[in-house]
Amino acid sequence: MSSPTLRRVIGVRGLAAAIFNITIGAAIFVLPALMAADLGAAAPLAYLVCAVATALVALCIAEAGSRVPQSGGPYAYVETAFGPYAGYLCGVLLWLGITLAMGAVSTVFADAAFGLVPGLAGPLPRAVLLIAVIAGLAVVNIRGTALGSNVSGIATVAKVVPLIAFVLLGVSHVRAENLALGSFPPLSNLGKSGLLLMFAFFGMESALQVSGEVRDAARAVPRAIALAVTGVGVLYISVQLVAQGILGSALAAPETAKAPLAAAATQFAGQTGATLILVAMAVSTFGFMTATMLATPRTLFAFAVDGYLPRRLAGVHQAYQTPHVAIAIQGVIVCGIAVTGTYVKLAIVANVAILLVYLGCCLAIVRLRRLDAGGGGAGADKPFAMPAGRVVPWVAAGLIVALLVRATAEAWLLTGGVMAAASLGFLWRRRSLQPSGRSPYPTP
C-alpha cells in the first residue's frame with residue numbers, strides 16, 4: 000500500500016514568511032545589550048558573521064530540502080542520508096533544542112511582563128506567572144488544535160511592526176561616535192558571543208518540517224530560505240545599529256540588560272515608546288510560546304506512537320481528539336526549565352542541540368549528493384545545486400564545530416545525556432519488535 004501524500008499548497012512567500020515568523024522571537028529584544036557588553040561597537044559585525052554562517056548552513060539545508068522534499072525537515076534529510084538511527088537522534092535533538100528555547104523565551108516573556116508592571120516583580124511572582132501562562136497554553140492546546148493555531152497566529156504582525164518602527168523612528172537619533180569601532184575585541188569574546196548569537200538565527204529547521212507540503216520544493220525551498228535569512232539578517236543588524244547608536248556604552252549597562260530596546264526607545268519616544276516595545280516583546284515571546292506549545296508535543300506523541308517512549312504518551316483525548324498527555328508532559332518540562340533557568344544559560348544549551356542538527360544536515364548533503372537523492376527518474380525535477388557545493392558543506396561544518404567547542408561543559412553533559420537516553424530507547428524498540436517487524440504495541 001502506498002504511503003499517504005500530503006497536499007502541496009505552500010509557496011515561496013508562505014514558506015519564507017513561516018521561517019521569518021519562527022526566527023524572529025525573543026532574541027532580538029535581548030541580545031543587543033549582551034552583544035554590546037561582550038563586543039562593544041563591533042557587535043554589528045558579529046551579526047554579519049553569524050548571518051554568513053547561517054547562510055552557508057541554509058544552502059546545505061536548501062539543497063537537502065530540494066533532494067528530500069518530505070515533511071520532517073532536517074529529520075528527513077539526515078534519515079535519508081544516514082539511516083533511521085541518525086534520523087531519530089536528529090529528531091530528538093530538534094525536540095530538545097526547541098524545548099529549551101521555549102524555556103529561554105518564557106523567561107524573556109516574564110521580563111517583559113514585569114517591565115510593564117514592575118511593582119509585582121520578584122522570584123515568587125515570576126514563577127507563578129510562568130507556571131500559569133505555560134499551563135494555560137497547554138490547556139488551550141488540549142482543548143483543540145484549531146484554537147491553539149488561532150492563538151499562535153495573533154502575534155505574526157504584532158511583533159514585526161514595532162521593530163520596524165523602532166528602526167525607522169530611531170535612525171535619526173543615532174550618533175556616529177557611538178558606532179565608532181576602536182580596538183577589536185578578543186577572539187574568545189567573539190566565539191562566546193557567536194555561540195549565543197546563533198540562537199537568534201534558528202528557525203528554518205522548524206519551518207522546513209512542512210517541506211512535504213511545498214509546491215515545487217526544489218525551487219521554492221532554497222528561494223524561501225534566501226528571502227527569510229536575508230530579511231532576518233537585515234532586521235537584526237538594523238536593530239543593533241540603532242540601539243547601539245542611540246545608547247552607546249549605556250547599552251551594555253546591567254540596568255538595560257532585560258529590555259535594551261525599551262531603554263533605547265525611551266530616548267526618542269519617551270515612556271510611551273518604551274511601553275510599546277515592552278508590549279511587542281511580550282506579544283512576540285508569547286507568540287513563540289503558543290506556536291511551539293502547539294507543535295512540539297506532537298514530537299513526543301510521534302515518538303510514543305513509534306514505540307520510542309511509553310505508550311501512555313500516545314494517548315488521545317476522547318472529547319477533543321488532541322494528544323493531551325504529550326501536551327501536559329511538555330508543559331511540565333517547559334515549566335521546570337523556565338522557572339529554574341536563565342535566558343543565556345538556556346540559549347547556549349539549546350544552541351548545542353540545534354547546531355548538532357545543523358552539522359548533521361551539512362554532512363547529510365555530502366551523502367545525498369553521492370546517492371544522487373532526488374536527481375533520478377524521467378521527468379523528475381532537477382534538485383537545487385548550491386554554488387561551490389563541494390566546499391560549502393565542509394566550511395559550514397567547520398564553522399559549526401568552531402562554535403560548538405565554545406559551549407559549556409554543562410551544555411554538553413545535558414545534550415549528551417539526552418542523546419544517550421534516546422539511544423537506549425532506540426535499542427529497546429528494536430529489540431522489542433515482533434518478528435513481523437511491527438510495533439509490539441497493540442493497535443488502538
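Numbering that gives the first Met the number 0 numbers the first residue of the sequence shown as 0 and each following residue consecutively. Using N, Cα and C, we set each Cβ at its ideal position, and we do this for glycine too.
With DSSP run on the structure shown, which of helix, strand or coil describes residue i?
i	result
D110	helix
F165	helix
Q317	coil
Y497	Residue 497 is absent from the structure shown; the chain starts at 0 and stops at 443.
L180	coil
D215	coil
K191	helix
Q266	helix
G232	helix
D371	coil
A396	helix
T341	coil
I98	Checking the sequence shown, residue 98 turns out to be Thr, not Ile. Here T98 sits in helix by DSSP.
I332	helix
R429	helix
P309	coil
A363	helix
L146	Reliability of the predicted coordinates at L146 is poor, the pLDDT of 48 falling under 50, and the value obtained from them is presented with this limitation in mind. In this structure, L146 counts as helix in the three-state DSSP scheme.
F287	helix
L14	helix
A420	helix
G118	helix
A401	helix
I23	coil
V238	helix
V278	helix
V56	helix
I125	Going by the sequence as given, residue 125 is Arg instead of Ile. Of the three classes helix, strand and coil, the one that applies to R125 here is helix, per DSSP.
P322	coil
P221	helix
P382	coil
P31	helix
P185	coil
R174	coil
T79	helix
A303	helix
V480	There is simply no residue 480 to check, as the chain begins at 0 and stops at 443 in what is shown.
P444	The structure shown has nothing for residue 444, since the chain only spans 0 to 443.
V468	Because the chain here runs from 0 to 443, residue 468 falls outside it and cannot be looked at.
T295	coil
T442	In this prediction, T442 has a pLDDT of 34, which is less than 50 and means its spatial position is unreliable; nothing more can be read from the coordinates.
F200	helix
G388	coil
T255	helix
V159	coil
A406	coil
Less than 8 Å between the CB atoms is what I'm expecting for residue i and residue j, so what's the real figure, rounded?
i	j	result
L312	A303	4 Å
L115	T271	With a Cβ gap of about 13 Å, L115 and T271 do not count as contacting.
A363	A80	4 Å
A349	A100	5 Å
A223	A15	4 Å
F28	L260	6 Å
I347	L195	6 Å
A61	V220	6 Å
C59	P392	5 Å
G232	L178	Between L178 and G232 the Cβ distance is about 18 Å, and since that is not below 8 Å, they are no contact.
V351	A410	5 Å
V228	L162	Contact flag wrong, Cβ pair sits at about 17 Å.
I141	I326	5 Å
Hey, is residue i's beta-carbon within less than 8 Å of any beta-carbon in chain D?
i	result
A268	This model lacks chain D altogether, as it is built from one protein chain only.
For the pair the region 17-25 and the region 166-180, tell me if three or more CB-CB distances fall below 8 Å. no
For the structure I just gave you, are there three or more beta carbon pairs, one from the region 126-143 and one from the region 285-305, closer than 8 Å? yes
Within the chosen definition, does the region 30-43 reach the region 249-261 through at least 3 CB pairs nearer than 8 Å? yes
Touching by the beta-carbon criterion (3+ pairs, under 8 Å), the region 87-97 and the region 290-301: yes
Counting beta carbon pairs with one atom in the region 395-408 and one in the region 60-77, are three or more of them shorter than 8 Å? no
Quick one: any contact between the region 382-392 and the region 104-118, if contact means 3 or more CB pairs under 8 Å? no
Any contact between the region 332-345 and the region 76-92? By contact I mean 3 or more CB pairs, one from each, below 8 Å. no
Segment contact flag, the region 82-90 with the region 416-429, C-beta cutoff 8 Å, min 3 pairs: yes
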